[in-house]
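No gaps in the numbering here: position 177 of the sequence shown is 278 in the working numbering, and each next residue is one more. We put the beta carbon where it would ideally sit given N, CA and C, even for glycine. Remember, predicted model here, so these are calculated numbers, not experimental data.
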Amino acid sequence: MPNFSEGRDDAVLADLRAAMEAPARLLDVHTDWDHHRSVFTLVGSGEDLVESLVKGIAAASEGIDLRKHAGAHPRIGAADVVPLVPLRPEDEPAAREAALELGDRVAEELGLPVFFYARLAGNGMEPAHFRRGGREELQRRMDSGEILPDRGPGRLHPTAGGVLIGVRRPLIAFNVNLRGATVGVAREIAALVRERDGGFPGVRALGLDLPKAGLVQVSMNVTDWEASALHDIVATIVAEAESRGAEVAGSELVGLMPAGAAVEAAGNVLRIDGFDPRHVLELRLLDD
102 MPNFSEGRDD AVLADLRAAM EAPARLLDVH TDWDHHRSVF TLVGSGEDLV ESLVKGIAAA
162 SEGIDLRKHA GAHPRIGAAD VVPLVPLRPE DEPAAREAAL ELGDRVAEEL GLPVFFYARL
222 AGNGMEPAHF RRGGREELQR RMDSGEILPD RGPGRLHPTA GGVLIGVRRP LIAFNVNLRG
282 ATVGVAREIA ALVRERDGGF PGVRALGLDL PKAGLVQVSM NVTDWEASAL HDIVATIVAE
342 AESRGAEVAG SELVGLMPAG AAVEAAGNVL RIDGFDPRHV LELRLLDD
């Protein structure tokens, strides 16, 4: 699920799409003007994914100039973060092998520094560790020896930056937009729901300003939807927003989500006891 630092230029987005349509299968593209970011969802064998991702990262490096980039979402590269996501635990070794091959090719063929994160990194570092302070701060930390790329040159590319490559479990990228609130309120609520500050397990959250939409946002990655149900998170955000004189204007799914999470939320809203994927016709047909 590569995340590119482009959400506004239709020509660049078209080039990215064209680059990654084969040999992997492109399932979904999500773009956001305020975040100035796009998320592509591809499926395929490790070999096919590596081929498509190398082409996509090359297109991003050619078409995106970070010196001219301004968006709500933090970033260190044109192809900012590229996670490979095994859908079953037994597929993780193959995902790791593909991610390592991708890192080698990005460094050798495109000349970009590559940093490993999540399950691919021995220390388990997440993207926020590298993004802290932006590209200039990352370069300073590289120059000091605090952070070294796992592959490629020791300096960030002047226009394309670097690439974060990782292996992780499926997560849900989920945003809740607030009306009548400041970005400070969004950050307060983000702190209340994220795990780091005592909130929901497996939730990472930021408060962001969306100037084009005229809203602010609680932007989240839910890394363990079985431990933290989306409807519980949303209910907390609604209550906290209302207590501050604001309201929830709507929510947004970035990319795709596991069927189990959608089923659990639907069962809660409909108040169906014991509702799970076994009760969904199409999912049962797939099992059969």
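Practice prompt. Grab the span of the alpha helix (DSSP H) containing F231 for me, first residue to last.
Written response: Residues P228 to R232.
Fill in: Cβ-Cβ separation, G356 to M102 (assumed contact under 8 Å), whole Å
With a Cβ gap of about 6 Å, M102 and G356 count as contacting.
Worksheet entry | C-alpha gap between L213 and D325, whole angstroms | Each residue's Cα considered, the two are about 31 Å apart.
Worksheet item: Is N369 helix, strand or coil by DSSP?
Response: Here N369 carries a helix assignment [DSSP, helix/strand/coil].
Worksheet entry | Beta carbon of A180 nearer than 8 Å to that of V264 | At the C-beta level, A180 and V264 come within 8 Å of one another.
Discussion item. Here's the rule: buried if 16 or more other CB atoms are within 10 angstroms of the residue's CB, otherwise exposed. What is D135?
Written reply: Flag for D135 reads buried.
Practice prompt. Could you give the DSSP three-state label for T132: helix, strand or coil?
Written response: Strand, per DSSP.
Item to complete: Would you tell me roughly how many angstroms separate the C-alpha atoms of G281 and E296, rounded to the nearest one?
Response: G281 and E296 have their C-alpha atoms roughly 26 Å apart.
Worksheet item: Does DSSP put H380 in a helix, a strand or coil?
Response: In this structure, H380 counts as helix in the three-state DSSP scheme.
Worksheet item: Looking only at DSSP bridge pairs, what is L201 linked to?
Response: DSSP output for L201 lists no bridge partner at all.
Practice prompt. Please list the segments of the beta strand (DSSP E) lying wholly inside the region 108 to 153, counting only runs of 3 or more residues, in order along the chain.
Written response: If we require 3 residues or more, the beta strand (DSSP E) runs fully inside the region 108 to 153 come out as 126 to 133 and 138 to 144.
Discussion item. Using a 10 Å radius around the Cβ and a threshold of 16 neighbouring Cβ atoms, would you call V139 buried or exposed?
Written reply: Checking the sequence shown, residue 139 turns out to be Ser, not Val. S139 comes out buried.
Worksheet entry | Whole-Å CB distance - L272 paired with V323, under 8 Å assumed | Under the criterion of beta carbons closer than 8 Å, L272 and V323 qualify as touching, at roughly 6 Å.
Worksheet item: Assuming F141 and V130 make a contact with CB atoms under 8 Å, what is their CB distance in whole Å?
Response: Contact between F141 and V130 holds, since their C-beta atoms are separated by about 5 Å, short of 8 Å.
Fill in: Integer Cβ distance of V113 from I165, believed to fall under 8 Å
With 8 Å as the limit, V113 and I165 qualify as a contact, their Cβ atoms being about 6 Å apart.
Discussion item. Once the 5 residues before and after R385 are set aside, which same chain residues still bring their CB inside 7 Å of it?
Written reply: These residues qualify, in order along the chain: R379.
Fill in: Distance, A208 Cα to I266 Cα
If I take the Cα positions, the gap works out to 11 Å.
Worksheet item: What is the rounded straight-line gap between the Cα of S329 and the Cα of G225?
Response: Distance between the alpha carbons of S329 and G225: 21 Å.
Practice prompt. For the region 312 to 321 and the region 281 to 293, state whether three or more C-beta atom pairs, one from each stretch, are separated by less than 8 Å.
Written response: The region 312 to 321 makes contact with the region 281 to 293, as at least three CB pairs between them are under 8 Å.
Worksheet entry | Residues of its chain near G300, where Cβ-Cβ distance is below 7 Å and the 5 sequence neighbours each way are ignored | So the qualifying residues of the chain are L293 and V294.
Worksheet item: Below 8 Å between beta carbons: does that hold for H137 and A171?
Response: Contact: yes.
Worksheet item: According to the neighbour-count rule (16 or more other Cβ atoms, all chains shown, within 10 Å of its Cβ), is D116 buried or exposed?
Response: With 16 or more other CB atoms across the displayed protein chains lying within 10 angstroms of its CB, D116 is buried.
Worksheet entry | For R252, three-class secondary structure by DSSP | If DSSP states are grouped into helix, strand and coil, R252 belongs with the strands.
Practice prompt. Give a yes or no on whether the C-beta atoms belonging to V215 and G204 are separated by under 8 Å.
Written response: In contact: V215 and G204 (Cβ atoms closer than 8 Å).
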